[in-house]
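Each residue of the sequence shown is one higher than the last, beginning at 54 in the working numbering. See structure below.
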Amino acid sequence: MPDNLTSDRLSGGVLSREQLHGLIVRNEPQLLAEYLDLDTQLQPNGFDVTLREVSRYVGKGQIGARSEDRKLPQLVPLEFDAEGWLALEPGPYHILYNEIVSLPGSLMALGRPRSSLGRSGVTIHTAVWDAGYSGRSTSLLSVLNPEGFRVQRDARVMQLVFIEMATATISGYEGQYQGENTG
């Protein structure tokens, strides 16, 4: 994917729906792949990603000063009902998205929960999608509503906002999550 994303160079800024559309349908690799409905998911300032899987955490996680000291808790996937719904009790959940993101060295992304989640007492916590990252990402979904929350498989739960960097990075993401969940 070229580092000069548009003919009208932004020199850093949020990509519009039209710019995202071009990067999704005309570039190889696609900025986003395995999306469900391009017209519905494209937003004026980003792209809505959809829910593929929800898991419960089992055991402790750990992060140390060295990468080899990192230990992730085990995950137990939850089963959707016959209509594709899950009833979630208050608490933390690990979620996996349907879409595969492939960022060039000139783009990064930030994820924000859709406003309907916040209005329901639910939020999503994310990290930065670094330039050069490629994979099917995960996040932390927190159900804060004491009554719980229902969610359906393939629901649009978070919006990715893509930001063109003023200068492309020379060395993009090379961490252990590169290519995650794509096999």
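For each residue, glycine too, the CB sits at the ideal point set by N, CA and C.
Kindly list the residues whose CB is nearer than 7 Å to the CB of Tyr230, restricted to its own chain and excluding five residues on each side of it in sequence; keep chain order.
Gly188
Roughly how many whole angstroms lie between the Cα atoms of Ser159 and Ala135?
42 Å
Glu106 - containing beta strand (DSSP E), residue span
Gly99 to Val111 is the span of the beta strand (DSSP E), which, as asked, contains Glu106.
Can you tell me whether Ile223 is buried or exposed? The criterion is at least 16 other CB atoms within 10 Å of its CB, across all chains shown.
exposed
Member of Gln205, Leu193 and Glu152 whose CA lies at the smallest distance from the CA of Gly232
Glu152
Distance check for Thr235 and Asp90, CA to CA, integer angstroms please.
Using only the alpha carbons, I get a separation of about 19 Å.
Would you call the segment 161-174 in contact with the segment 191-202, where contact means no fewer than 3 C-beta pairs closer than 8 Å?
yes
Quick one: residues in its chain with C-beta nearer than 6 Å to the C-beta of Gly225, no 5 flanking neighbours on either side, listed in chain order?
Gly158, Ala184 and Gly185
Would you call Ala162 buried or exposed, if buried means 16 or more other Cβ atoms sit within 10 Å of its Cβ?
Classification for Ala162: buried.
Which of the three DSSP states is assigned to Leu68 in this structure?
coil
DSSP three-state assignment for Gly225, whether helix, strand or coil:
coil
Give a yes or no on whether the C-beta atoms belonging to Tyr146 and Val210 are separated by under 8 Å.
no
For Ile77, the three-state DSSP class (helix, strand or coil)
Three-state result, Ile77: helix.
Around the Cβ of Leu68, are there at least 16 other Cβ atoms within 10 angstroms (buried) or fewer (exposed)?
buried
Relative to the C-alpha of Asp207, which candidate in Glu217, Leu139, Val181 and Thr179 has its C-alpha closest?
Leu139
Just curious, the beta strand (DSSP E) that Thr235 is in, first and last residue?
DSSP places Thr235 outside any beta strand (DSSP E), giving it a letter other than H or E.
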